[in-house]
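Below you'll find the structure, written out as structure tokens, and then a few comments.
Residue numbers (our numbering): 367 to 717.
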């Protein structure tokens, strides 16, 4: 290593409340310097990180575009505290020999739980029933006429319905285990996963059109790429059942919100339950919020105290590996390794 560990600088350009106080001790134990600072602009980010050896970031909130990466003079590692890394320009990082890591198994349980909760909220009409009860309406009583006539006819039994998974990674597979207990038939579409991997879990791998045509619920669990951005558009909604529900706990960019609004208003889609939107935070006047058949949970699917503790500790482990001369475990741009070696020397496999 060209710099000693005592000169190894780690920065956090978006320091959440309480977290920047926890990190210094951990990095002191590693022999590294740590600076946590809230950066409101790219220029502030560059000023903080231009001479950093490692950057820890919350990519969805503090993106790392090419403009920033090209100003990093000696950065070796950008460690994202999330699963998704579409907000980090991994190609630009690879060009400069900068490794990018994520936390691939972070919040898998929480997000799959949340997706199942949204499926149940759609089919059992939890939100409108709660609202009706708070207005003094009550099921089988004179006050419950609206419930009986407007809500009950739209409630369905989960058993025997089809859950379609767009993407078949860790979260989707965790959801399979939960959804199976409700008697759902499960299909999936993921061109990057071998059909045998799905078959082993009792899931049929299908093409895009079949996913749209056959699913009563579609739950999104893919990676957001140029290919998948806005893939749920007018064309997709026209292929879906008018009784279908769309669930998104992944990234807001998968959905064309104008097309979704039209589909929900025109009855081409029964419901949508979104934990994520694009952009975030959404405009409070977004017309989706005025619809009774739309649910939002304000980008909360990832959260539990346990998952938070895990996601903030994993980047420390990745930084420690780099400082020991080891490859990080969760590198998402392995094509960066050749230039990394040319710049910093050979690395060992992680212990």
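Glycine is no exception: its CB is placed at the ideal position from the N, C-alpha and C atoms. Values in this document were obtained by computation on a predicted structure and should not be read as measured data.
- Beta-bridge partners of residue 692 (DSSP): 714.
- DSSP, reduced to helix, strand and coil, places residue 522 outside both helices and strands of the structure shown, so it counts as coil.
- Between the alpha carbons of residue 515 and residue 555 lies a gap of roughly 37 Å.
- The C-beta of residue 678 has 16 or more other C-beta atoms within 10 Å across all chains shown, which makes the residue buried.
- By the Cβ test, the segment 601 to 610 is not in contact with the segment 454 to 469, since fewer than three Cβ pairs between them sit closer than 8 Å.
- Remark: C-beta atoms of residue 485 and residue 545 approach each other more closely than 9 Å.
- For the set 699, 707, 709, the Cα lying nearest the Cα of residue 445 is the one of 699.
- Taken through DSSP and simplified to helix, strand or coil, residue 655 comes out as helix.
- Shown here, residue 703 sits in a helix according to DSSP, grouped into three states.
- DSSP places residue 453 outside both helix and strand once states are collapsed to three, so it counts as coil.
- When only Cα atoms are considered, residue 473 and residue 670 end up about 8 Å apart.
- In the displayed model, residue 534 falls within coil according to three-state DSSP, outside both helix and strand.
- Using a Cβ distance threshold of 9 Å, residue 654 and residue 612 do not count as a contacting pair.
- Note on geometry: alpha-carbon atoms of residue 592 and residue 601 lie some 17 Å from one another.
- The beta-bridge partner set that DSSP reports for residue 660 consists of 638.
- For residue 635, the closest of 648, 660, 618, 644 by C-alpha to C-alpha distance is 660.
- No residue range can be given for residue 510, since it is assigned to no alpha helix (DSSP H) and is classified by DSSP as neither H nor E.
- For the pair residue 580 and residue 528, the CB atoms are nearer than the 9 Å cut-off.
- Counting only residues of its own chain and dropping the five nearest sequence neighbours on each side, residue 694 has a CB closer than 8 Å to the CB of 443, 445, 465, 467, 684, 687, 688, 716.
- Remark: C-beta atoms of residue 532 and residue 586 approach each other more closely than 9 Å.
- Going by C-alpha positions, residue 426 is about 29 Å away from residue 560.
- For the segment 559 to 620, the full-length beta strand (DSSP E) segments reaching 3 residues or more read 583 to 586, 611 to 614 along the chain.
- For residue 401, DSSP records a beta bridge to 377.
- Cβ neighbours of residue 676 within its own chain (closer than 7 Å, five residues either side excluded): 472.
- The segment 426 to 435 and the segment 447 to 455 touch, with no fewer than 3 CB-CB distances between them shorter than 8 Å.
- Rounded to whole angstroms, residue 536 and residue 505 show a C-alpha spacing of 39 Å.
- The Cβ atoms of residue 584 and residue 530 sit closer than 9 Å to each other.
- Shortest Cα-Cα distance from residue 518 to any of 447, 664, 489 involves 489.
- Taking C-beta atoms as the reference points, residue 495 and residue 513 count as a pair closer than 9 Å.
- Residue 637 and residue 487 have their C-alpha atoms roughly 10 Å apart.
- Taking a C-beta distance under 9 Å as the contact criterion, residue 418 and residue 376 qualify as a contact pair.
- The beta-carbon distance between residue 702 and residue 459, rounded to whole angstroms, is 6 Å. This is short enough to meet the 8 Å contact definition.
- The segment 418 to 496 is shown to contain whole beta strand (DSSP E) runs of 3 or more residues at 420 to 423, 443 to 446, 465 to 467, in chain order.
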